[in-house]
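Trainee:
There are 2 protein chains.
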Amino acid sequence: MSFPPRYRTPRARSRVEAAGAESRAKAVRAAVELFSTAGYRGASIALVAEKAGLSQSGLLHHFPSKAALLAAVLEHREAEDGRFLSGTDDRPPLGWAAFDALTGLVARNSNRPELVGLFVRLSAEATEPGHPAHAWLRDHYTSTQSWLTDAIRDGQHRGEIHPDAPITALVHLTVAVLDGLQQQWLLDPDDIDMVDEFTTFVSGLHSQWDTTPTTSSTA
Amino acid sequence: MSFPPRYRTPRARSRVEAAGAESRAKAVRAAVELFSTAGYRGASIALVAEKAGLSQSGLLHHFPSKAALLAAVLEHREAEDGRFLSGTDDRPPLGWAAFDALTGLVARNSNRPELVGLFVRLSAEATEPGHPAHAWLRDHYTSTQSWLTDAIRDGQHRGEIHPDAPITALVHLTVAVLDGLQQQWLLDPDDIDMVDEFTTFVSGLHSQWDTTPTTSSTA
DNA sequence: GTCTATAGCCGGATAGAC
DNA sequence: GTCTATCCGGCTATAGAC
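Just so you know, the protein sequences line up as chains A and B, in that order.
Sequential numbering of the first sequence, starting at 623, is according to the numbering used here.
Sequential numbering of the second sequence, starting at 623, is according to the numbering used here.
#1: For residue 816 of chain A, which residues in the same chain have their Cβ closer than 6 Å to its Cβ, ignoring the five residues on either side in sequence?
#2: Is DSSP giving residue 810 of chain B helix, strand or coil here?
#3: Taking the Cβ atom as the reference point for each residue, do residue 826 of chain A and residue 777 of chain A lie within a distance shorter than 8 Å?
#4: May I ask you to report which of helix, strand or coil DSSP gives residue 826 of chain B?
#5: Just to make sure I have the definition right: I need the residues of chain B whose C-beta is within less than 8 Å of the C-beta of residue 642 of chain A. Which are they?
#6: Who are the neighbours of residue 797 of chain B on chain A, taking C-beta pairs under 8 Å?
#7: Between residue 692 of chain A and residue 662 of chain A, how many whole angstroms is the CB-CB distance? I'm expecting something under 8 Å.
#8: Ignoring anything shorter than 4 residues or poking outside the segment 667-709 of chain B, list the alpha helix (DSSP H) runs there in chain order.
#9: Quick one: does the C-beta of residue 820 of chain B sit closer than 7 Å to a heavy atom of the ligand FMN?
#10: Using 10 angstroms around the beta-carbon of residue 734 of chain B, count the other beta-carbons present and answer buried if the total reaches 16, otherwise exposed.
#11: I want to see whether chain B comes within less than 8 Å of residue 818 of chain A, judged by CB atoms only; does it?
#12: Using a Cβ distance threshold of 8 Å, determine whether the segment 654-674 of chain B contacts the segment 738-746 of chain B, with at least three qualifying pairs required.
#13: Using a Cβ-Cβ distance under 8 Å, would residue 789 of chain B count as near chain A?
#14: So with Cβ pairs under 8 Å, would you call residue 661 of chain B a contact of chain A?
#15: Could you please give me the residues that DSSP links to residue 783 of chain A through a beta bridge?
#16: Nearest to residue 707 of chain B by alpha carbon, out of B:730, B:695, B:697?
#17: Name the chain B residues that come within less than 9 Å of residue 698 of chain A, Cβ to Cβ?
#18: By the three-class DSSP mapping on this structure, what secondary structure does residue 788 of chain B have?
#19: Going along chain B in order, which residues have a C-beta closer than 8 Å to the C-beta of residue 746 of chain A?
#20: Counting pairs of Cβ atoms below 8 Å between the segment 780-796 of chain A and the segment 760-769 of chain B, do you hit three or more?
#21: Quick one, which residues of the segment 756-773 of chain A are near chain B if we go by CB-CB under 8 Å, in chain order?
#22: Return the chain-ordered list of same chain residues with a C-beta closer than 8 Å to the C-beta of residue 798 of chain B, the five sequence neighbours on each side being excluded.
#23: Just to check my reading of the structure: residue 641 of chain B and residue 746 of chain A have Cβ atoms closer than 8 Å, yes? What is that Cβ distance to the nearest angstrom?
#24: Pull up the CB-CB distance for residue 793 of chain A and residue 822 of chain A, whole angstroms please, since I reckon it's below 8 Å.
#25: Verify whether the separation of the beta carbon atoms of residue 684 of chain A and residue 645 of chain A is less than 8 Å.
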């Protein structure tokens with residue numbers, strides 16, 4: 623990552639420091655909310671500050687620039703999701719289990735519109751090379767892709783997934799489905815059940831590439 | 623649509639009017655380029671004007687506001703794509719042929735990064751109810767969805783598509799794949815061949831729901 | 001139809017008091 | 001750590017000359 627400074631969570635000393643940490647946390651939460659609706663460009667630090675109960679300069683005391691605030695937001699989100707996909711600290715899910723893990727992620731996202739909005743908007747904005755989250759976005763995609771690629775490859779080696787399955791296409795399509803469903807869901811949450819749709823997609827993959835014809839594995 | 627005024631292409635009278643039309647067209651082209659990279663919010667009318675070879679006020683003479691410029695851009699794009707999907711003025715493609723038409727659209731988009739960028743960015747921005755393109759975006763999705771829904775339903779009636787095929791899920795997934803592939807392609811055009819990936823997706827649908835087991839229909 | 005000039009707002013960021 | 005005050009720049013939009 624090529625982001626400005628770092629923001630280590632402090633090791634809690636005096637009462638004063640605790641207050642500072644609190645403000646910082648509130649600011650990040652507020653930033654997530656606003657970036658997720660208005661996007662990075664569309665949300666002003668003044669608004670974020672207000673929502674966090676600080677003045678604009680108060681906020682800028684914790685984050686030297688708007689980009690730095692964004693960096694903190696991204697670290698925060700990344701931490702949450704990363705933890706989620708690697709299971710509970712053991713080895714990452716492999717083979718079809720990886721798709722089940724993704725289904726779980728979709729289910730979780732269905733209850734967190736802010737995170738979905740944040741991601742959808744940043745993905746679109748940060749496609750431009752100059753954007754402060756551009757590097758993050760590339761990292762995000764490549765790591766997701768390699769995570770899923772490894773999982774599928776492993777499934778093939780263990781004879782769970784058909785050896786003819788076109789790995790890179792499956793990876794790209796799966797990621798596309800995830801992103802695309804979020805986009806639609808954001809536009810009209812009532813029109814679409816992301817978990818249902820994604821499950822349908824995955825069972826389609828099963829019916830084509832599963833070596834052990836189980837009708838559905840994700841209940 | 624709830625957009626401000628209208629911009630009829632003039633019926634070409636005097637030399638003066640011709641010049642005006644020319645400027646207007648140049649402005650729309652420039653706006654497409656800039657909106658497609660920086661987004662609507664991110665691009666300023668001053669920049670659009672410069673790119674079109676006008677002053678900022680000169681541009682605003684043709685379009686009373688920035689939102690009006692956006693409206694013109696959307697009309698322009700909509701016209702192009704609508705024409706494309708309804709074939710050459712005859713009835714819209716039905717059954718599997720609809721998916722072939724979509725493949726054609728993807729192929730065309732592969733050569734028009736500006737249109738893809740425009741759409742990806744606006745889709746993300748305009749998810750917010752307040753955005754000037756919000757109504758357009760909803761229209762766009764619902765009309766695409768109903769177009770594809772009709773096509774699939776017709777394919778079922780003619781016995782070309784299996785009656786158990788889950789229509790709405792297929793529609794949502796197909797749209798998701800289209801959007802998601804564009805997003806990935808925009809981030810790294812060399813990493814992904816949209817036509818290949820989409821074709822793989824469609825042949826997956828065939829293998830699951832085609833009643834006449836032809837291996838591939840999209841070459 | 002196109003320009004210059006300008007109003008008026010809002011954005012990010014800095015200086016410095018408390 | 002938090003505030004007020006302020007600078008500076010960019011933005012949309014308007015007024016009015018040519």
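For every residue, glycine included, the Cβ atom is placed at its ideal position computed from N, Cα and C.
Since this is a predicted model, take the numbers as computed values, not measurements.
Mentor: Looking at the atomic coordinates:
#1: Here residue 816 of chain A is taken as the residue at index 194 of the first sequence, counted from 1. Beyond the five residues adjoining it in sequence on each side, residue 816 of chain A comes within less than 6 Å, by CB distance, of 728, 732, 803, 807 in the same chain, given in chain order.
#2: The count along the second sequence starts at 1 and reaches residue 810 of chain B at position 188. Correct three-state label for residue 810 of chain B: coil.
#3: In the first sequence, counting from the first residue as 1, residue 826 of chain A sits at position 204. In the first sequence, counting from the first residue as 1, residue 777 of chain A sits at position 155. Against a cut-off of 8 Å, the Cβ pair of residue 777 of chain A and residue 826 of chain A comes out as no contact.
#4: Along the second sequence, one-based indexing puts residue 826 of chain B at 204. Of the three classes helix, strand and coil, the one that applies to residue 826 of chain B here is helix, per DSSP.
#5: Position 20 of the first sequence, counting from 1, holds the residue named residue 642 of chain A. Ordered by position in chain B, no residue passes the 8 Å Cβ test against residue 642 of chain A, which lies about 32 Å from the chain.
#6: Looking up residue 797 of chain B in the second sequence gives position 175. Contact annotation for residue 797 of chain B against chain A: 802, 806 [CB-CB distance below 8 Å, chain order].
#7: Translated into positions along the first sequence, residue 692 of chain A becomes position 70. Translated into positions along the first sequence, residue 662 of chain A becomes position 40. That belief holds up - the Cβ atoms of residue 692 of chain A and residue 662 of chain A are roughly 6 Å apart, short of 8 Å.
#8: Qualifying alpha helix (DSSP H) stretches, in chain order: 667-674, 678-684, 688-707.
#9: Looking at this structure, you won't find the ligand FMN or any other ligand, since it has none at all.
#10: Counted from its first residue, the second sequence places residue 734 of chain B at position 112. It is exposed - the Cβ of residue 734 of chain B has fewer than 16 other Cβ atoms within 10 Å.
#11: Against the first sequence, residue 818 of chain A aligns to sequence position 196. It does; some Cβ of chain B falls within 8 Å.
#12: Look at the beta carbons and you see the segment 654-674 of chain B touching the segment 738-746 of chain B: at least three pairs across the two are nearer than 8 Å.
#13: Counting from one through the second sequence, the residue named residue 789 of chain B turns up at place 167. Judged by the 8 Å Cβ criterion, residue 789 of chain B is not in contact with chain A.
#14: As a working note, residue 661 of chain B is residue 39 in the second sequence. Chain A, which has a Cβ nearer than 8 Å to the Cβ of residue 661 of chain B, makes this yes.
#15: Position 161 of the first sequence, counted from the first residue, corresponds to residue 783 of chain A. According to DSSP, which records beta bridges pairwise, residue 783 of chain A is partnered with A:832.
#16: Residue mapping note: residue 707 of chain B aligns to position 85 of the second sequence, counting from 1. Checked all of B:730, B:695, B:697; the closest Cα to residue 707 of chain B is B:730.
#17: On the first sequence, position 76 is the one that residue 698 of chain A refers to. Under the 9 Å cutoff, chain B gives no residues; its nearest Cβ is about 20 Å from residue 698 of chain A.
#18: As a first step, residue 788 of chain B must be located in the second sequence, where it is residue number 166. Secondary structure at residue 788 of chain B: coil, using DSSP grouped into helix, strand and coil.
#19: For this step, residue 746 of chain A is matched to residue 124 along the first sequence. Below the 8 Å Cβ cutoff, chain B contributes 661, 742, 743, 745, 746, 747, 805 as neighbours of residue 746 of chain A, in chain order.
#20: The count of Cβ pairs closer than 8 Å, one atom from the segment 780-796 of chain A and one from the segment 760-769 of chain B, stays below three, leaving the stretches out of contact.
#21: Result list: 759, 760, 763.
#22: The sequence position of residue 798 of chain B within the second sequence is 176, counting from 1. The beta carbon of residue 798 of chain B is closer than 8 Å to none in its chain, skipping five residues each way along the sequence.
#23: Counted from its first residue, the second sequence places residue 641 of chain B at position 19. Counted from its first residue, the first sequence places residue 746 of chain A at position 124. With a Cβ gap of about 36 Å, residue 641 of chain B and residue 746 of chain A do not count as contacting.
#24: One-based indexing of the first sequence puts residue 793 of chain A at position 171. One-based indexing of the first sequence puts residue 822 of chain A at position 200. The Cβ separation is near 19 Å, so there is no contact.
#25: One-based indexing of the first sequence puts residue 684 of chain A at position 62. One-based indexing of the first sequence puts residue 645 of chain A at position 23. Residue 645 of chain A sits close to residue 684 of chain A, with the two beta carbons spaced by under 8 Å.
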